[in-house]
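To keep things clear, I will list the structure first and then write my remarks on it.
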Amino acid sequence: MTVYNDESGTDGALRRSLGVSRRSFLSTCTAAAATAIAAPVIGASPAFAQPASDKGHDHGHGHGQDLVPASKRGIILYTVRDATGRDPLSTNLPSGFREVFKELARYGYKQVEFAGYGQHANAPGGSNLETVEGAKLLRSWLDDYGLRAQGNHGFIPSSWPLSQADLDQFKRTLEIANILGMDHMGTGGDPTGSAYRADWDVAADKWNALGQIAHRAGIKLYTHNHDAAYGFLLDGGPLDAQGRPTRSSGIRKLEYFLKVTDPKTVWLEMDIFWAHVAQYKFHTYTAHDGSQRENIFDPAALVRRNNKRYPLFHAKDGVVNTTSGQGYDMVPFGTGVIDYRTFFSRVGEKNYRNPMVEQDNAPSSTDLAQSLTHARIGYDNLAALRK
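Numbering that gives the first Met the number 0 numbers the first residue of the sequence shown as 0 and each following residue consecutively.
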């Protein structure tokens, strides 16, 4: 398996760069931390990737430089999927792609990331716009409202080696991406759900091949993460009954994926919320020799070590919940405890990154306007980030 890059850096170097001691770095927060930023911790309470000196959940209102330029403020349409899927004949609320684009542009958004191309059948263009003609219609509406398509969570072939049908469909999705004017096209899932290095090697071979096809079409192909993909790889130690390794080198799955995929053709979109969930859940592992080791995940440091590999982010927020199993409950962007001012300041490259506001639970069956209201709140808080 080809190794394409070397991720350097240690937790000690990270702590020195943050100006915090190991004791501060690993200090334990209490339930009161649900409303305040704490230093990274291990144990029952979630770990936060900010230095202890940060004062509160500062969204940067006031003077200073924008951390997210106006042209880079985006939203993934999954956040408002109830609005795009709504019957325009049954409501006065924005419904279907065209009216939702108009509303998002009114809030100030300049970019959208698609989560498929389906809408209500009664909306202009019909239910399925995943065609050349549908893409042209979508592009005309994007242009009308000054919006830029910057990605899609769409089709990634399930076959490997690629079947002809999957290859043809993948090429059609690239054609649609080009009509829409996208620089990037990707998926909402992880490259594999496995914990084993051998399976990640297979996934890397597949993504390197798909990345080459996308590169020839002028598109950057990206994968998206949930928390499990930043868990620890099983790559050594005693074997189980099926001959699979049971222990870890301490390398995280997507860190390994970054090493064995081509940085010229394979890219990543970090979901910052799920990366923080991974920080909470995956902070110790069993090493090859059987010892228990500690390795606290720092999402921003990973981005910095793999600078250009992360052109896209999902910007979603959370409040602390130590009983949920994942450390956080999702809330509208800018109303939780994840310190985006610090995160965006640390990762830099603000004219290169494309943050997309996302909230999985924004739609409501009782408040039909909720998802768009939360989209507006998300935009306002994204625009308020200053350094």
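All C-beta atoms in this analysis are idealised placements derived from N, C-alpha and C, irrespective of residue type, glycine included.
The model shown is predicted, which means the values in this text are computed figures rather than measured ones.
- If you keep only unbroken beta strand (DSSP E) runs of at least 3 residues inside the stretch 284-371, you get 291-293, 311-314, 316-320, 326-330, 353-356.
- In the three-state reduction of the DSSP assignment, valine 265 falls in the strand class, which pools E and B.
- Cβ-Cβ separation between leucine 267 and threonine 222: approximately 6 Å, consistent with a contact (criterion under 8 Å).
- In this structure, the beta-carbon distance from arginine 246 to glycine 230 does not fall below 8 Å.
- Nearest C-alpha to glycine 249 among Val276, Thr285, Phe256: Thr285.
- Sixteen is the threshold: since fewer than 16 other Cβ atoms of the shown chains lie within 10 Å of the Cβ of arginine 105, the residue is exposed.
- For phenylalanine 113, DSSP records a beta bridge to Asn151.
- DSSP places isoleucine 74 in the uninterrupted beta strand (DSSP E) bounded by 73-75.
- In this structure, DSSP gives leucine 173 a helical state, which the three-state scheme calls helix.
- The beta carbon of arginine 80 sits closer than 8 Å to those of Ala114, Pro362, Ser370, all from its chain and outside the five residues before and after it, given in chain order.
- Ranked by Cα distance from valine 318, the options Asp328, Asn306, Phe312 are led by Asp328.
- One Cα belongs to lysine 109, the other to glycine 347, and the distance between them is close to 20 Å.
- In this structure, glutamine 149 and histidine 183 form a Cβ contact; the two beta carbons are roughly 6 Å apart against a cut-off of 8 Å.
- For threonine 83, the enclosing alpha helix (DSSP H) starts and ends at 80-83.
- Per the Cβ contact rule, the stretch 205-220 is in contact with the stretch 163-179 (3 or more Cβ pairs under 8 Å).
- Rounded to the nearest whole angstrom, the CA to CA distance from threonine 172 to isoleucine 376 is 32 Å.
- Asparagine 224 and methionine 269 do touch by the CB rule: their CB atoms are close to 6 Å apart, below 8 Å.
- The stretch 157-169 and the stretch 132-141 do not touch, with fewer than three beta-carbon pairs separated by less than 8 Å.
- In the same chain as asparagine 121, and ignoring 5 residues on each side of it, the C-beta atoms closer than 7 Å to its own belong to Asp86, Pro87, Leu88, in chain order.
- By the Cβ test, the stretch 296-316 is in contact with the stretch 338-357, since at least three Cβ pairs between them sit closer than 8 Å.
- Selection Lys101, Arg72, Glu102 evaluated against glutamate 112 yields Arg72 as nearest (Cα-Cα).
- In this structure, the CA atom of aspartate 261 is about 10 Å from the CA atom of alanine 208.
- 8 Å or more divides the Cβ of threonine 186 from the Cβ of glutamate 357.
- Here arginine 97 carries a helix assignment [DSSP, helix/strand/coil].
- From the listed residues Asn353, Gly124, Lys315, Asp143, the smallest Cα separation to glycine 335 is found for Lys315.
- Between the C-alpha atoms of serine 193 and asparagine 360 there is a straight-line separation of about 26 Å.
- Secondary structure at glycine 236: strand, using DSSP grouped into helix, strand and coil.
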